[in-house]
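J.: The structure follows.
Printed below as a string of structure tokens:
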């Protein structure tokens, strides 16, 4: 019952938050930024408690690093809020305007989705980024973070809720869930919650989809590819491959498979070996690769694996079409790159590869909400509906159709007495 | 296994269909229109077989009417295809363009969703409308129509598939399913099918959601409201209420509940009684309504009921806020109307009512893809993500992010050596 009432409170708040003016939302965001700074000592102390508990539990070093939320991290999220304030309000934009007939006008106007449930990993920065993105886009939010960060999340959520409500946000717009059982309860509330954003492994996202009727904005596997075309500059290709694989291996937009056109394999692969050796990347390859360089033999499973580690599978392909087919078969629809000097091949690749992010001559690692200029992101969607790739403010927006008449009824149109004009109008008209 | 291979064929076709040029798609649509006309006799004969089987099964008269597909209906869908040809291609539109840094540009470009599964009711017109909307938007489609229309659907699907493929559409883009068991199989194919559009009752849509991980574009209940405000012109209010309720009672955009502000109830309700009596509408009301006019007493259940019949529930409310709350509590997020001369009240209503379609001073019955000028529609979405209200071409579109560089890597940006410009560019630039 408890989660049900938290969610109902969030729904009631969402209705009012949808109508809060842009200036007011920006004032609320500024109040949150200031309050986070004022509470720096208490936040860092709460995080220290989480960190020592995590150390006592022998949490792995990379996870400890993600969990840490010090003055520097706090300054970073405060900067993020200030840049969010500068972004245009995505709510209330007239997307289309149509005259249906004399004095009968139809407007498609952007509006918030409503109540969003986000389940995120150990990084407490995510709590601040997600909640402020939701606020700016007019959505109420239920948040469940990693249990290792319980103390940090609790104080961050309290500071944000209190500061925002004191500045005029509707009470209850942000709710913190603290247990796994509460997540289970949340998944059943399809009358109250409009969208679930699960951040985590593919298995976790699948679990959420299997256990809820609520729409899911999937943030799952990243099996990203770099394809080195016959017309690639081999130095550029190796540079992009190294950055895509090694710049940060534990993230979803790191490359897992390298595809090399057979025409350049003899030239590229030896260069790749020495470049990858510098970062101690283990290479796994198809028989054609093994005929050129010394690699472990790849199995079918390798093409489907997100290593998230210093491991790269390599395949020699006979054609561009074959590379595209490999990616559409084994990829996860996340981010895929072609390296080529041939514009026609690049266009074909970007047209036919069915992924949210398709790049020409740059690293897979650019696939990120901040780098895209979206401000923060709630996640990177590998869905094919609603929002795709890095999801910032716009991914949290839907629209409603507003129609304004003077008493018109459908009967005369159905009877053929009147007919529609369907004239497109200027969308800058103020409703 | 059979459905799996049909769906795989559709997926392979979808990849190629995504890259078919606008002119070519319009030529294919014209070829479909011509072939449907050329096959008129065979189509009408197949429909006659369905009709006599349905009569033998004593199908209800309204269903027989929907099942009928004669020369007039055929001319109607052919006209629909010709107007679809005139609509702009929704694929390949550059939605945003951003310079991330010198010679590193990011484009958000519209593209088809991929493979769409549509389960529709007995009207064979729907098969033509849905499949041609999918073709124009570059999507492959799996179609399952009502079993009463099996012969008509089979010939329509065959004519459309053959004519389109002869004109250059990739083979397999349209697949017809014929049994309920095949629908069950289809719901499991979340690797191949990107979106399910179930048209039917709320219970049916819920069933689909419960039994599939595939995203569902819900076309479910329409519990639509007309709210007569304190500042309404009573004649206009009654006229809109009558059209909303009676113009076609068996459809999702017909009104089911009338809310009347207490300040005008004494004036409006007696006028409503005489107007509704002309159409033999049964009125069911709250105690405050019953104190003014002679009605059956409403139960809690009435506010949640989609009558789809000559029945209207009536409630007197003390305020605009109360009307909004009633709609957000009992409505289905479909279409809701305010009748008022007060612009401020109308704006508040359209802002706070959380429905896909919110109207001021016109009938709920305008909520329709054709009337909106979208061409045909695949359905009316009561979802709050991806597409809302009548779903035409745009609802079948998503986007991908295309980035074009000159070999850029992320490392120098992560190290602080370089920084992003994030300059918005003109979207008319040709990729």
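Chains as they are written, first to last, in our numbering: chain X, 19 to 449; chain P, 19 to 449. Even for Gly, the Cβ is constructed at its ideal location relative to N, Cα and C.
#1: Can you tell me the Cα-Cα spacing of residue 431/X and residue 438/X, whole angstroms?
#2: Would you list the residues sitting across from residue 213/X in a DSSP beta bridge?
#3: By the three-class DSSP mapping on this structure, what secondary structure does residue 147/P have?
#4: In the region 366–389 of chain P, which residues sit with their C-beta less than 9 Å from some C-beta in chain B, listed in chain order?
#5: Applying the 10 Å Cβ sphere with the 16-neighbour rule, what's the burial state of residue 113/P?
#6: Along the chain, where does the beta strand (DSSP E) containing residue 317/X start, and where does it finish?
#7: Can at least three beta-carbon pairs, one atom from the region 46–64 of chain X and one from the region 176–187 of chain X, be found at a separation below 8 Å?
#8: Hey, quick one: how far does the beta strand (DSSP E) through residue 193/X stretch, first residue to last?
#9: May I have the straight-line CA-CA distance separating residue 239/X from residue 139/X, to the nearest angstrom?
#10: Can you tell me whether DSSP reads residue 172/P as helix, strand or coil?
#11: Does the Cβ of residue 426/X have 16 or more other Cβ atoms within 10 Å, making it buried, or fewer, making it exposed?
#12: CB residue 293/P to CB residue 303/P, shorter than 8 Å?
#13: Taking only beta-carbon positions, decide if residue 406/P is within less than 8 Å of chain X.
#14: For the region 248–260 of chain X, enumerate the residues whose C-beta is nearer than 9 Å to any C-beta of chain P, in chain order.
#15: Three or more beta-carbon pairs under 8 Å between the region 340–357 of chain X and the region 103–111 of chain X, yes or no?
#16: Report the option in 105/P, 387/P and 279/P whose CA atom is closest to the CA atom of residue 409/P.
#17: Measure from the alpha carbon of residue 27/P to the alpha carbon of each residue in 207/P, 77/P, 79/P and 68/P, then state which is nearest.
#18: Grab the span of the beta strand (DSSP E) containing residue 377/P for me, first residue to last.
#19: Is the Cβ of residue 422/P closer than 8 Å to any Cβ of chain X?
#20: Can you grab the Cα-Cα spacing for the pair residue 93/X / residue 84/X, in whole Å?
#21: Give every residue of the same chain whose Cβ lies closer than 8 Å to the Cβ of residue 417/X, excluding the five residues on either side of it in the sequence, and list them in chain order.
#22: For the region 277–304 of chain P, enumerate the residues whose C-beta is nearer than 8 Å to any C-beta of chain X, in chain order.
#23: Tell me whether residue 406/X sits in a helix, a strand or coil according to DSSP, three-state version.
#24: So which residues on chain X does residue 228/P lean against when the C-beta distance must stay under 7 Å?
#25: Does DSSP put residue 266/P in a helix, in a strand, or in coil?
#26: Any beta-carbon of chain P closer than 8 Å to the one on residue 120/X?
#27: Where does residue 274/P sit, in a helix, a strand or coil, going by DSSP?
#28: Any beta carbon from chain X within less than 8 Å of residue 116/P's own beta carbon?
#29: Hey, is residue 328/X's beta-carbon within less than 8 Å of any beta-carbon in chain P?
#30: CA-CA distance, residue 338/P and residue 246/P?
#31: Taking 8 Å as the CB-CB limit, is residue 99/X close to chain P?
#32: For residue 107/X, return the contacting residues in chain P, with the cut-off set at a CB-CB distance below 9 Å.
#33: So, is residue 65/P buried or exposed, given that buried needs 16 or more other C-beta atoms within 10 angstroms?
#34: Give the residues of chain X in contact with residue 417/P, contact being defined as C-beta atoms less than 7 Å apart.
#35: Per DSSP, what are the beta-bridge partners of residue 279/X in this structure?
#36: Considering residue 162/X, what are the terminal residues of the beta strand (DSSP E) in which it resides?
T.: Let's see:
#1: Each residue's Cα considered, the two are about 8 Å apart.
#2: 134/X, per the DSSP bridge assignment.
#3: helix
#4: The structure shown contains no chain B; its protein chains are X and P.
#5: exposed
#6: Residue 317/X -> no beta strand (DSSP E), and no H or E assigned at all.
#7: Counting C-beta pairs with one atom in each stretch, the region 46–64 of chain X and the region 176–187 of chain X have three or more that are closer than 8 Å, which means they touch.
#8: 192–195 is the extent of the beta strand (DSSP E) around residue 193/X.
#9: Each residue's alpha carbon lies about 15 Å from the other.
#10: helix
#11: That one is buried.
#12: no
#13: yes
#14: 251, 253, 254, 255, 257, 258 and 260
#15: no
#16: 387/P
#17: Residue 27/P has its Cα closest to that of 207/P, out of 207/P, 77/P, 79/P and 68/P.
#18: Per DSSP, residue 377/P belongs to the beta strand (DSSP E) from 375–380.
#19: yes
#20: 16 Å
#21: 113, 126, 127, 128 and 129
#22: none
#23: Here DSSP, grouped into helix, strand and coil, assigns residue 406/X to coil.
#24: 231
#25: coil
#26: no
#27: strand
#28: yes
#29: no
#30: Separation of residue 338/P and residue 246/P (C-alpha to C-alpha, rounded to the nearest whole angstrom) is 9 Å.
#31: no
#32: In chain order: nothing, as chain P lies at least about 14 Å away.
#33: That one is buried.
#34: 406
#35: 335/X
#36: 158–162
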